[in-house]
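For what it's worth, UniProt numbering labels the leading residue of the sequence shown as 1, then goes sequentially. Below is one structure, written out as structure tokens; comments come after it.
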Amino acid sequence: MANKAKNDDYDQSSHSLKLSNSRYLTVSEFKNKVRVDIREFYLNEDGDRKPGKKGISLSMDEWKKITENLDLIQKSIKQIQGDENDDDD
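Rendered as structure tokens:
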């Protein structure tokens, strides 16, 4: 199944990935443009999840630049963490 989530943290109906208890990555449309939003959420007094002010909304060009450079980003993370010899490929 192509639409099956890889894990239980992805909600296909809302196009959102739970990153932590309060952070989500959401794919949505704003002013006829697809955006990738990484944002902190809070629960209001009714217990509904609401977006907070902290976060970033990425254009498709920005998201593409990130995804095209994931290997370099991963290498930088490993290098900074000091385990650059650990190859996860």
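Glycine included, every Cβ here is placed at the ideal spot set by N, Cα and C. What you are looking at is a predicted structure, and each value in this text was computed from that prediction instead of being measured.
C-alpha gap between residue i and residue j, whole angstroms
| i | j | result |
| --- | --- | --- |
| L72 | R49 | 34 angstroms |
| L25 | I77 | 20 angstroms |
| E29 | T67 | 19 angstroms |
| K64 | N44 | 33 angstroms |
| N7 | K31 | 30 angstroms |
| S22 | S16 | 12 angstroms |
| P51 | I80 | 32 angstroms |
| E40 | D11 | 16 angstroms |
| N69 | G47 | 38 angstroms |
| D83 | Q74 | 11 angstroms |
Environment of residue i [buried if 16+ CB atoms lie within 10 Å]
| i | result |
| --- | --- |
| S14 | exposed |
| Y42 | exposed |
| M1 | Reliability of the predicted coordinates at M1 is poor, the pLDDT of 39 falling under 50, and no value is obtained from them. |
- request: Would you be able to state if there are at least three C-beta pairs under 8 angstroms between the region 34 to 41 and the region 51 to 66?
  value: yes
- request: Jot down the residue ranges of each uninterrupted alpha helix (DSSP H) in the region 40 to 65, minimum 4 residues, whole runs only, in chain order.
  value: none
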